[in-house]
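Chemist: Below is a structure I'd like to ask you about.
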Amino acid sequence: MCLRDEDDAFVLARTEWFAPLCDIDVGEAVGLHTSLDWLSNQRFDNVDFVLDCKRVVDCINSSLDDSSEFGCIITACKQLLVDRFHNSHVEFSRRQANRVAHELAQATLSNPSRHVIDDVPTCI
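In this note's numbering, the protein residues as written are 2 to 125.
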């Protein structure tokens, strides 16, 4: 996860490894839920969440119910958005445009510990 300000400047990033491995969409939904939970605990608000997983974004912005594992995670994300984030959105961005988040995700493969980065990484 990479946080940027309204001028698109780097603010903060966090990486975390999840085990066991799961379906990509489920992993992306878990990542969003983890981000929502962490940022709400940090008292962030008015956040635009940008993901490169179109299915997660579409489901977050849909009113359809899904009782699958994926759907339950999406429901939990929606509840966090309603309860703790005002004037916040979940948007889609192609992976190429979301390069920093992709680079951070790749770095997690070689260093699976949780990291909070408050200094601009060299990949940005």
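The beta carbon of each residue, even a glycine, is placed where N, CA and C say it ideally should be.
Would you mind working out which of D59, L65 and S68 sits nearest H90, comparing C-alpha positions?
Modeler: Residue mapping note: residue 90 aligns to position 89 of the sequence shown, counting from 1. The shortest C-alpha separation from H90 is found at D59.
Chemist: Pick out whichever of F86, D26 and L40 has its Cα sitting closest to the Cα of L13.
Modeler: Against the sequence shown, residue 13 aligns to sequence position 12. Checking every option, the nearest Cα to that of L13 belongs to L40.
Chemist: What span of residues does the beta strand (DSSP E) with H90 cover, start to end?
Modeler: What you label residue 90 is simply residue 89 of the sequence shown in a count that begins at 1. Residues H90 to F93.
Chemist: Give the secondary structure of F50 by DSSP, where H, G and I count as helix, E and B as strand, and everything else as coil.
Modeler: By 1-based counting over the sequence shown, the position of residue 50 is 49. Strand.
Chemist: For D49, which option in G72, S36 and N42 has the closest C-alpha, if you only look at C-alpha atoms?
Modeler: Walking along the sequence shown from the start, residue 49 turns up at place 48. D49 has its Cα closest to that of S36, out of G72, S36 and N42.
Chemist: Suppose the cutoff is 6 Å on Cβ atoms and the five residues either side in sequence are ignored; what does the same chain contact list for A98 look like?
Modeler: For the purposes of this step, residue 98 is identified with residue 97 of the sequence shown, where counting begins at 1. Residue placement at A98 cannot be trusted, given a pLDDT of 48 that sits under 50; what the coordinates show is reported in the next sentence. None.
Chemist: Going by other Cβ atoms of all chains shown within 10 Å of its Cβ, with 16 needed for buried, is A10 buried or exposed?
Modeler: Along the sequence shown, read from residue 1 onward, the residue named residue 10 stands at position 9. Counting Cβ neighbours within 10 Å, A10 comes out exposed, since fewer than 16 surround it.
Chemist: Excluding five sequence neighbours on each side, which residues of the same chain lie with their C-beta closer than 8 Å to the C-beta of S94?
Modeler: By 1-based counting over the sequence shown, the position of residue 94 is 93. Result list for S94: V51, L52 and D53, in chain order.
Chemist: How about L81 and D38: are their beta carbons less than 8 Å apart?
Modeler: Taking the sequence shown and counting its residues from 1, one reaches residue 81 at position 80. Taking the sequence shown and counting its residues from 1, one reaches residue 38 at position 37. A contact, by the Cβ cut-off of 8 Å.
Chemist: What's the C-alpha gap between S69 and N47?
Modeler: As a working note, residue 69 is residue 68 in the sequence shown. As a working note, residue 47 is residue 46 in the sequence shown. Answer to the nearest angstrom: the Cα atoms are 29 Å apart.
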